[in-house]
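Asker: Quick note on UniProt numbering: the sequence shown kicks off at 1 and runs consecutively.
Handing you this structure, nothing more for now.
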Amino acid sequence: MIRRQPEDVFLFVNPKSGGNKGEDFLKVPQPFLVDLDDGLQASLHIYSLLDGEPGNKVGFKRLAQTAASSSTPIKTIVGGGDGTVMWADTEATSHGICTPEKLVYGIVPLGTGNDFSRVAGWGGKNPVGILDEDCQVVRKLVQRWCKARPRPHDVWQVCIKVKDDEGAILVVDKNKEETEFHNGTVHKLTLPMINYFSLGQESKVGIEFDKHRTKNQTCNLFVYACEGVVTEMRCCSQQHVGNLIRVMHHGPDADAPVILGGFDDDEDEDAPQLIGNPESLMFLNINSYAGGNAHFWQRHCEPAVDPEPPAEDIDVDPDPGDGRLEVLTLPNIVGIPLDKIEHMGKRLISGAPFYIEFEEGEDGEPLDVYCEVDGEFFHLVNPGSASVSLGKTLMVLQSVEEKKAKRPK
1 MIRRQPEDVF LFVNPKSGGN KGEDFLKVPQ PFLVDLDDGL QASLHIYSLL
51 DGEPGNKVGF KRLAQTAASS STPIKTIVGG GDGTVMWADT EATSHGICTP
101 EKLVYGIVPL GTGNDFSRVA GWGGKNPVGI LDEDCQVVRK LVQRWCKARP
151 RPHDVWQVCI KVKDDEGAIL VVDKNKEETE FHNGTVHKLT LPMINYFSLG
201 QESKVGIEFD KHRTKNQTCN LFVYACEGVV TEMRCCSQQH VGNLIRVMHH
251 GPDADAPVIL GGFDDDEDED APQLIGNPES LMFLNINSYA GGNAHFWQRH
301 CEPAVDPEPP AEDIDVDPDP GDGRLEVLTL PNIVGIPLDK IEHMGKRLIS
351 GAPFYIEFEE GEDGEPLDVY CEVDGEFFHL VNPGSASVSL GKTLMVLQSV
401 EEKKAKRPK
């Protein structure tokens, strides 16, 4: 009987993630063979995402060679926060790999929020004791990866434009101060998004949080809560969707149907109008936010506009691989920590693509809009437009946990 070759599994780790717990994975002996339940074996290859220059990394070169000679997608695991997934995908693409066809991604949660990991069934807690008992934790992870089922996961392109003459894109730099992105030379920003894109008050809190972020995860929770209270108390500078967005279209440009009209706009007086005065507008690819503490999209939640959207646009269940985004409004940031008790989000639409036209500043003053793309926060000064469109669809490993059989009573 001819024994089959071990299945190649690749793990790319950000060693700085999870309080440097990622470094422990790099200490696992190589080659690392793992026996699987079906009598087969897996060979785990571990590399640091930091080794080598972008587009010229040894680990991805070997991955490209393996993928080219394989008739089935290669299991490619990423160790880090949610943003590390797109980092790895960018590197793989730059090494000539057609990632939607040749790879299937898994994740080891080493970040803080880990919403992507939670939705994929891998939890949000950083693994511990990685090197104990002959790396038993790693062996069990490899066995779970090999049992997992692949499923599609959409990657969206968020394109943000600010006015050329008086617009700016600001970010928090390493000195924890707001500074112009690329020294003010950039007026258009295109970013991949796999989790969520949002506009409004919660993104403003995120900017303030980044200015005071610490290296301690528990302390960061306290910092975020304090920044949320302080930002919400500044009534004169609160973000309200109706004051930020003039009109929103369900389509790629301004010629597409209007699904949300601004306040007091005669041109769009027949367009659906916001209910209430919400502080945030969210585009969700996954129904998990703030480290799994909020699941905003619920079929029983109220509609966000009047007249009410058609049932087929809002009475749907979220799916990260269906080519649609769930769009909703949130009345205020209190709705985030209280979501487990009461779902305050209001449903606008499930669909794609979308095109947003922003309001003008009042009385010659600049319009400040805050946004978030997968945990990265931006301060937009005099934005002109934003769009969200489908970029590609990756394959992701969905954990298949074996449920223990209940003993008969």
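Ideal placement from N, C-alpha and C gives every residue a C-beta, glycine not left out.
Apart from the five residues on each side of it in sequence, which residues of its chain come closer than 8 Å, Cβ to Cβ, to E101?
Answerer: Working through the sequence shown from its first residue, we reach residue 101 at position 101. The residues are P73.
Asker: Put P278 into one of helix, strand or coil per three-state DSSP.
Answerer: Taking the sequence shown and counting its residues from 1, one reaches residue 278 at position 278. Three-state DSSP puts P278 in coil, outside helix and strand.
Asker: Measure the C-alpha to C-alpha separation of H343 and A148 and round it to an integer number of angstroms.
Answerer: Numbered from its first residue, the sequence shown carries residue 343 at position 343. Numbered from its first residue, the sequence shown carries residue 148 at position 148. Roughly 31 Å between the two C-alpha positions.
Asker: Using beta-carbon positions only, say whether G184 and F377 come within less than 8 Å of one another.
Answerer: By one-based count along the sequence shown, residue 184 stands at place 184. By one-based count along the sequence shown, residue 377 stands at place 377. In this structure, F377 does not lie closer than 8 Å to G184 by Cβ.
Asker: Give the DSSP-derived three-state secondary structure of F296 in the structure shown.
Answerer: Residue numbering aside, residue 296 sits at position 296 when the sequence shown is read from its first letter. In the structure shown, F296 sits in coil (DSSP, three-state: anything other than H, G, I, E or B).
Asker: With DSSP run on the structure shown, which of helix, strand or coil describes E180?
Answerer: Along the sequence shown, read from residue 1 onward, the residue named residue 180 stands at position 180. Looking at E180 - three-state DSSP - the assignment turns out to be strand.
Asker: Curious, which full-length beta strand (DSSP E) runs of at least 3 residues does the stretch 318-350 contain?
Answerer: 325-330
Asker: Exposed or buried, what is L300 when buried is set at 16 or more other beta-carbons lying within 10 Å of its beta-carbon?
Answerer: Working through the sequence shown from its first residue, we reach residue 300 at position 300. The amino acid at residue 300 is misidentified as Leu; the sequence shows His. With fewer than 16 Cβ atoms within 10 Å of its Cβ, H300 is classed as exposed.
Asker: Please go through the same chain and pick out, in chain order, the residues whose beta-carbon is closer than 6 Å to the beta-carbon of L191, but skip the five residues on each side of it.
Answerer: Reading the sequence shown from its first residue, position 191 is the one you call residue 191. V158 and V373, listed in sequence order.
Asker: Answer with buried or exposed for C235, where buried requires no fewer than 16 other C-beta atoms within 10 angstroms of its C-beta.
Answerer: Translated into positions along the sequence shown, residue 235 becomes position 235. Confidence at C235 is low in this model, with a pLDDT of 47, below 50, so the placement of that residue is unreliable and no value is reported for it.
Asker: If we ignore side chains and look at the alpha-carbon of each, how far apart do F222 and E208 end up?
Answerer: Here the question's residue 222 lines up with position 222 in the sequence shown. Here the question's residue 208 lines up with position 208 in the sequence shown. Here the model assigns F222 a pLDDT of 48, short of 50, so the residue's position is not dependable, and the following value carries that caveat. Using only the alpha carbons, I get a separation of about 13 Å.
Asker: Taking W145 as part of the alpha helix (DSSP H), name the residues at either end of that continuous run.
Answerer: Stepping through the sequence shown from its first residue, residue 145 is reached at position 145. Unbroken alpha helix (DSSP H) run through W145: D132 to K147.
Asker: Can you name, in chain order, every residue of its own chain whose Cβ lies under 7 Å from the Cβ of D35, other than the five neighbours on each side?
Answerer: The sequence position of residue 35 within the sequence shown is 35, counting from 1. Taken in chain order, the residues that qualify are Q41.
Asker: Within 10 angstroms of its Cβ, does A311 collect 16 or more other Cβ (buried), or is it exposed?
Answerer: Residue 311 sits at position 311 when you count from the first residue of the sequence shown. Classification for A311: exposed.
Asker: Would you check if the distance between the CB atom of E119 and the CB atom of P320 is smaller than 8 Å?
Answerer: Counted from its first residue, the sequence shown places residue 119 at position 119. Counted from its first residue, the sequence shown places residue 320 at position 320. It is worth fixing the name first, because residue 119 is Val in this sequence and not Glu. Contact flag set, yes.
Asker: From G18 to A294, what distance separates their C-alpha atoms?
Answerer: The sequence position of residue 18 within the sequence shown is 18, counting from 1. The sequence position of residue 294 within the sequence shown is 294, counting from 1. So the alpha carbons of these two residues sit roughly 22 Å apart.
Asker: Since I259 contacts I349 with CB under 8 Å, what's their CB separation in whole angstroms?
Answerer: Working through the sequence shown from its first residue, we reach residue 259 at position 259. Working through the sequence shown from its first residue, we reach residue 349 at position 349. Yes, I259 and I349 are in contact; Cβ-Cβ is about 6 Å, under 8 Å.
Asker: Should K75 go down as buried or exposed, given a rule of 16 or more other Cβ atoms within 10 Å for buried?
Answerer: Position 75 of the sequence shown, counting from 1, holds the residue named residue 75. With 16 or more other Cβ atoms inside 10 Å of its own Cβ, K75 counts as buried.
Asker: Does the CB of I314 have a neighbour CB from chain B at under 8 Å?
Answerer: Given the protein chain composition of this structure (a single chain), no chain B is represented.
Asker: Please identify the residue among V28, Q239, S43 and D24 whose C-alpha is closest to the C-alpha of V4.
Answerer: In the sequence shown, residue 4 corresponds to position 4, counting from 1. The amino acid occupying residue 4 in the given sequence is Arg; Val does not appear at that position. Out of V28, Q239, S43 and D24, S43 has the C-alpha closest to the C-alpha of R4.
Asker: Using alpha carbons as the reference points, say which of G242, L394 and V396 lies closest to T329.
Answerer: Looking up residue 329 in the sequence shown gives position 329. Answer by Cα proximity: G242.
Asker: Are A64 and H95 close, meaning C-beta to C-beta below 8 Å?
Answerer: Position 64 of the sequence shown, counting from 1, holds the residue named residue 64. Position 95 of the sequence shown, counting from 1, holds the residue named residue 95. Yes, the pair counts as a contact, with Cβ atoms nearer than the cut-off.
Asker: At which residues does the beta strand (DSSP E) containing L189 begin and terminate?
Answerer: Taking the first residue of the sequence shown as 1, we reach residue 189 at position 189. Run containing L189: K188 to M193, per the beta strand (DSSP E) assignment.
Asker: Between the C-alpha atoms of K125 and L281, what's the straight-line distance to the nearest angstrom?
Answerer: Position 125 of the sequence shown, counted from the start, is the residue given in the question as residue 125. Position 281 of the sequence shown, counted from the start, is the residue given in the question as residue 281. So the alpha carbons of these two residues sit roughly 28 Å apart.
Asker: In three-state DSSP terms, what is R4?
Answerer: Your numbering for residue 4 matches position 4 in the sequence shown. If DSSP states are grouped into helix, strand and coil, R4 belongs with coil.
Asker: Under the three-state reduction of DSSP, which class applies to I97: helix, strand or coil?
Answerer: As a working note, residue 97 is residue 97 in the sequence shown. Here I97 sits in coil by DSSP.
Asker: With DSSP run on the structure shown, which of helix, strand or coil describes S70?
Answerer: As a position in the sequence shown, residue 70 is number 70, starting the count at 1. If DSSP states are grouped into helix, strand and coil, S70 belongs with coil.
Asker: Helix or strand or just coil, what does DSSP make of I286?
Answerer: Position 286 of the sequence shown, counted from the first residue, corresponds to residue 286. Coil.
Asker: I need the DSSP call for residue 473, collapsed to helix, strand or coil.
Answerer: Outside the shown range of the chain (1 to 409) lies residue 473, about which nothing can therefore be said.
Asker: Measure from the alpha carbon of F10 to the alpha carbon of each residue in D89, G39 and D38, then state which is nearest.
Answerer: On the sequence shown, residue 10 is found 10 positions in, with the first residue counted as 1. Looking at the Cα atoms, D89 is the closest of the given residues.
Asker: Alpha carbon to alpha carbon, what distance is there between A352 and D270?
Answerer: Residue mapping note: residue 270 aligns to position 270 of the sequence shown, counting from 1. Residue mapping note: residue 352 aligns to position 352 of the sequence shown, counting from 1. Distance between the alpha carbons of D270 and A352 is about 22 Å.
Asker: How about K27 and L131: are their beta carbons less than 8 Å apart?
Answerer: Residue 27 sits at position 27 when you count from the first residue of the sequence shown. Residue 131 sits at position 131 when you count from the first residue of the sequence shown. Against a cut-off of 8 Å, the Cβ pair of L131 and K27 comes out as a contact.
Asker: Measuring straight from C-alpha to C-alpha, what distance separates T93 and T99?
Answerer: Indexing the sequence shown from 1 puts residue 93 at position 93. Indexing the sequence shown from 1 puts residue 99 at position 99. Distance between the alpha carbons of T93 and T99 is about 6 Å.
Asker: Which of the three DSSP states, helix, strand or coil, is assigned to S17?
Answerer: Locating residue 17 in the sequence shown gives position 17, where the first residue counts as 1. Helix at S17.
Asker: Buried or exposed: where does Q239 fall if 16 or more other Cβ atoms within 10 Å of its Cβ makes it buried?
Answerer: By one-based count along the sequence shown, residue 239 stands at place 239. Flag for Q239 reads buried.
Asker: Can you tell which of T66, F32 and T179 has the C-alpha that lies nearest to the C-alpha of V137?
Answerer: Locating residue 137 in the sequence shown gives position 137, where the first residue counts as 1. Residue F32 is the option with its Cα nearest to V137.
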